[in-house]
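J.: Numbering (our numbering), first residue to last: 2 to 296.
Below you will find the structure I want to go over with you.
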């Protein structure tokens, strides 16, 4: 559970701030890599040493590696929060998570000094419930290996979430209604004590996990020279078509590999006369990097 250094006035203040932004369209499989400075600066930071102001995160770009991130420094022993709202990343992280079948959220997480860092959690604000929810606490002893990059992820329905009520954190159940209008989401970072002053925490590859919809094949009838038809596509998923003559050895068809998008995809697979031909369609999570949103 989150440490006692976060006091109720911080939660109350954030509640006031997020009320100004309406939820937009959350995207299954959204992935923010912060490759663009415009995207990076569309996110915000609340430093609880000065909670009346919101700040822009610092942006780290490394053209040689093609990797980027956002970061911020601790001020003494005060926690701070990275967040996205409707103005961040073109609104891909706010909106209706329930109808979009978004089941989890996560990111990569960098710790400069593990000895002065206590832990982190993920939070979101539900416009429907008019309250903040906080994930289980990712403490250094249980979840982080040391200085450098690691990752955190939490599910929504069925996972452990907490609310701040009457001065303490209380476990609370997340419902689909809690997820149908998310207006702010992010990561809270907690120092161990004042020795964390001026040390940094960074995040990268912030993503929304899509629930996989089982794939289906729609076959045309009356075709004796090939197996043809189409299969529906769902955003946040990649599809692969496989063929076999014996239901044991399967070959992935290169022309129908890693198919993404929405709508449907047609297929036409020749069959060998006198032999059996079987098709199988598989699907997996697919993450779409958010392009430069512009100034």
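Ideal placement from N, C-alpha and C gives every residue a C-beta, glycine not left out.
Just so we're clear, the structure is a prediction, and the values are computed from it rather than from any experiment.
1) On the DSSP bridge assignment, give the partners of residue 45 in chain order.
2) Which residues in the same chain as residue 290 place their Cβ atom closer than 6 Å to its Cβ, once the five residues preceding and following it in sequence are excluded?
3) When DSSP labels each residue in this structure, what does residue 247 get in the three-state scheme?
4) State the Cα-Cα distance for the pair residue 216 and residue 253, rounded to the nearest angstrom.
5) Which residues share a DSSP beta bridge with residue 360?
6) Which residue comes first and which comes last in the alpha helix (DSSP H) that contains residue 98?
7) In whole angstroms, what is the alpha-carbon distance linking residue 86 and residue 212?
8) Alpha carbon to alpha carbon, how far is residue 169 from residue 207? Give it in angstroms, no decimals.
9) Of all the options 27, 30, 28 and 38, which has the alpha carbon lying nearest to the alpha carbon of residue 294?
10) Does the segment 108 to 122 come close enough to the segment 230 to 241 that 3 or more CB-CB pairs lie under 8 Å?
11) Using DSSP's beta-bridge definition, name the partner residues of residue 140.
12) May I have the straight-line CA-CA distance separating residue 79 from residue 179, to the nearest angstrom?
13) Helix or strand or just coil, what does DSSP make of residue 156?
14) Roughly how many angstroms lie between the CA atoms of residue 22 and residue 184, to the nearest whole one?
15) Kindly list the residues whose CB is nearer than 8 Å to the CB of residue 98, restricted to its own chain and excluding five residues on each side of it in sequence; keep chain order.
T.: Here's the rundown:
1) Residue 45 pairs with 84.
2) Correct list, in chain order: 32 and 34.
3) In this structure, residue 247 counts as coil in the three-state DSSP scheme.
4) 16 Å
5) For residue 360 there is no data in the structure shown, the boundaries of the chain being 2 and 296.
6) Where residue 98 is concerned, there is no enclosing alpha helix (DSSP H), given that its DSSP letter is neither H nor E.
7) 22 Å
8) 28 Å
9) It is 38.
10) No: the two stretches stay apart, fewer than three of their Cβ pairs being nearer than 8 Å.
11) Residue 140 has 120 as its beta-bridge partners, per DSSP.
12) 29 Å
13) Looking at residue 156 - three-state DSSP - the assignment turns out to be strand.
14) Legend: pLDDT at residue 22 = 42, less than 50; position of this residue unreliable, no value from coordinates given.
15) 27, 157, 180, 181, 183 and 209
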